[in-house]
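Protein chains in written order, with the numbering used here: chain A, 1 to 113; chain B, 114 to 228.
Ideal placement from N, C-alpha and C gives every residue a C-beta, glycine not left out.
Working notes for the structure below.
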Amino acid sequence: DAKTTQPTSMDCAEGRAANLPCNHSTISGNEYVYWYRQIHSQGPQYIIHGLKNNETNEMASLIITEDRKSSTLILPHATLRDTAVYYCIVRVGVNNAGNMLTFGGGTRLMVKP
Amino acid sequence: DTAVSQTPKYLVTQMGNDKSIKCEQNLGHDTMYWYKQDSKKFLKIMFSYNNKELIINETVPNRFSPKSPDKAHLNLHINSLELGDSAVYFCASSQDSGQGSYGYTFGSGTRLTVV
Numbered sequence: 001d002a003k004t005t006q007p008t009s010m011d012c013a014e015g016r017a018a019n020l021p022c023n024h025s026t027i028s029g030n031e032y033v034y035w036y037r038q039i040h041s042q043g044p045q046y047i048i049h050g051l052k053n054n055e056t057n058e059m060a061s062l063i064i065t066e067d068r069k070s071s072t073l074i075l076p077h078a079t080l081r082d083t084a085v086y087y088c089i090v091r092v093g094v095n096n097a098g099n100m101l102t103f104g105g106g107t108r109l110m111v112k113p
Numbered sequence: 114d115t116a117v118s119q120t121p122k123y124l125v126t127q128m129g130n131d132k133s134i135k136c137e138q139n140l141g142h143d144t145m146y147w148y149k150q151d152s153k154k155f156l157k158i159m160f161s162y163n164n165k166e167l168i169i170n171e172t173v174p175n176r177f178s179p180k181s182p183d184k185a186h187l188n189l190h191i192n193s194l195e196l197g198d199s200a201v202y203f204c205a206s207s208q209d210s211g212q213g214s215y216g217y218t219f220g221s222g223t224r225l226t227v228v
């Protein structure tokens, strides 16, 4: 799996958009960008994933650059409950026992009142 | 209804003991996993398992063994517990599929403390 680089921590004001960047300059053509988050004392939670097109769901939006070397996860209106560690993971988008999901250090997002 | 459930939520035990953590998923997923999160908060894959194969991360001591009585369960057995085994253990599951697969579903974790 391609490696990713994320800032260690970020702050965001409540109600504002949180933009979390991720660099993945060595991404391969068949690798997807996945985002997960882990709220304190809970298990990781899947947020969104994409290949090359921008994606949006009820939780967030994912913007992938045209060259696919970086992406941004956008939480449009951050709340205090969005305070968590956010993980950007690049991997082949096939689920099976041999293609395990591996986590890096992630970005600790602190949403402040 | 909890999709991936783990028991117990907390486990305190003495060094040298043998213990098990249970995991059940009601999602009909094909593959289940165990992860370990240590005090530095790094999440590390330990095992992945479906009815076809067991993949073991090479860094996992052989004191750890997964047991799967059926597709919906993957229990974690730990023999001769050591202080360094203290961590939060997460179970997860996923549906085997092709490109563009959706994410894993994780349980809420079991905090193991070895004293």
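Under the three-state reduction of DSSP output, R16(A) falls in the coil class, being neither helix nor strand. With 16 or more other CB atoms across the displayed protein chains lying within 10 angstroms of its CB, I134(B) is buried. In terms of Cβ geometry, V92(A) and E31(A) form a close pair [threshold 8 Å]. A13(A) counts as exposed, since fewer than 16 other beta carbons sit within 10 angstroms of its beta carbon. Residue-level contact check: T56(A) does not touch chain B, since none of the beta carbons of chain B fall below 8 Å from its beta carbon.
Beta-bridge partners assigned by DSSP to T56(A): S61(A). Within a 10 Å sphere around the beta-carbon of V125(B) sit fewer than 16 other beta-carbons, which makes this residue exposed. By the neighbour-count criterion, in which 16 or more other beta carbons inside 10 Å mark a residue as buried, Y123(B) falls on the exposed side.
Residue pairing by DSSP places A205(B) opposite Y146(B), F219(B) in a beta bridge. Non-local beta-carbon contacts of V111(A) in its own chain, meaning distances under 6 Å to residues more than five positions away in sequence, involve C12, E14, A78, L80, D82, T83 in chain order.
In this structure the segment 19-34 of chain A does not touch the segment 184-204 of chain B; the number of beta carbon pairs closer than 8 Å is below three. Taking 9 Å as the Cβ-Cβ cut-off, the segment 199-216 of chain B approaches chain A at V201, F203, C204, A205, S207, Q208, D209, S210, G211, Q212, G213, S214, Y215, G216, given in chain order. Counted as a single uninterrupted DSSP element, the beta strand (DSSP E) harbouring R91(A) occupies residues 84-92. At a cut-off of 8 Å between C-beta atoms, H40(A) does not count as an interface residue with respect to chain B.
With at least 16 other beta carbons inside 10 angstroms of its own, M159(B) counts as buried.
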